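All remarks here apply to the structure that follows.
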Amino acid sequence: MGVTVLPDRRLTLTDRLEAGWSSVKEIVSKVWLWVALGIGVGALIHGYAPTELLVSIMGKDAWWSVPAAVVIGIPMYAGASTILPIIEALIDKGAALGTVLAFMMAVIALSLPEMIILKKVLTVKLIAVFVGIVGMGILAVGYLFNLLFA
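Per the numbering used here, the sequence shown starts with residue 16, numbered consecutively.
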């Protein structure tokens with residue numbers, strides 16, 4: 016191993032602000048489309064989805080709503096910033112909090128694209144264990160929040 020010599024340069028406030036602004040522009044350029052898409056889907060749900068339909072599917076009275084929300088969320092892929100407008104619209108329409116949380120967590124943690132990425136570094140058996148443990152946790156949280164906030 017060799018010795019690494021680091022430059023003896025301290026960043027000025029201007030350098031730090033420029034680096035920060037550059038990072039912000041890079042991040043926003045990558046996610047703005049997905050955030051706008053999430054807002055659009057949320058607006059469609061908020062404006063056009065019938066309240067009665069959503070409550071019957073994702074309401075507190077349907078015992079199967081939490082597992083259904085998880086199953087529906089798995090093929091989707093979104094980041095937290097993209098899914099939040101959709102979550103807000105679902106809650107406004109009367110969906111149960113636990114069901115909506117389960118949907119959100121499944122979209123973020125158990126999405127099919129995430130599994131494809133994990134396949135590059137994990138075996139199928141480990142991915143199955145991951146999905147099983149995380150899925151059971153998501154179901155537990157969904158049912159618990161539906162019970163607590165009935």
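Note that CB positions come from ideal geometry on N, CA and C, so glycine has one too.
What you are looking at is a predicted structure, and each value in this text was computed from that prediction instead of being measured.
CB of residue i within 8 Å of CB of residue j, strictly
i, j, result
"VAL115", "MET73", "yes"
"ILE142", "LYS134", "yes"
"PRO65", "TYR92", "no"
"GLY157", "VAL122", "no"
"ILE101", "VAL70", "no"
"ASN161", "ALA111", "yes"
"LYS75", "ALA165", "yes"
"GLY94", "VAL43", "no"
DSSP three-state assignment for residue i, whether helix, strand or coil
i, result
"SER126", "coil"
"ASP76", "coil"
"GLY55", "helix"
"ALA84", "helix"
"TYR63", "helix"
"MET120", "helix"
"ALA34", "helix"
"LYS134", "helix"
"GLY17", "coil"
"ILE42", "helix"
Assumed close pair residue i, residue j - CB separation to whole angstroms, cut-off 8 Å
i, j, result
"GLY113", "LEU159", "7 Å"
"VAL146", "LEU125", "6 Å"
"SER96", "VAL50", "5 Å"
"VAL85", "LEU154", "7 Å"
"ILE148", "MET119", "About 18 Å separates the two Cβ atoms, so there is no contact after all."
Start and end residues, alpha helix (DSSP H) containing residue i
i, result
"MET151", "139 to 163"
"LEU26", "Segment: none, LEU26 is in no alpha helix (DSSP H) and carries neither H nor E."
"THR170", "In this structure the chain extends from 16 to 165, so residue 170 is not present and cannot be described."
Residue i at chain D interface by Cβ criterion, 8 Å
i, result
"ALA104", "The structure shown has no chain D; it contains just one protein chain."
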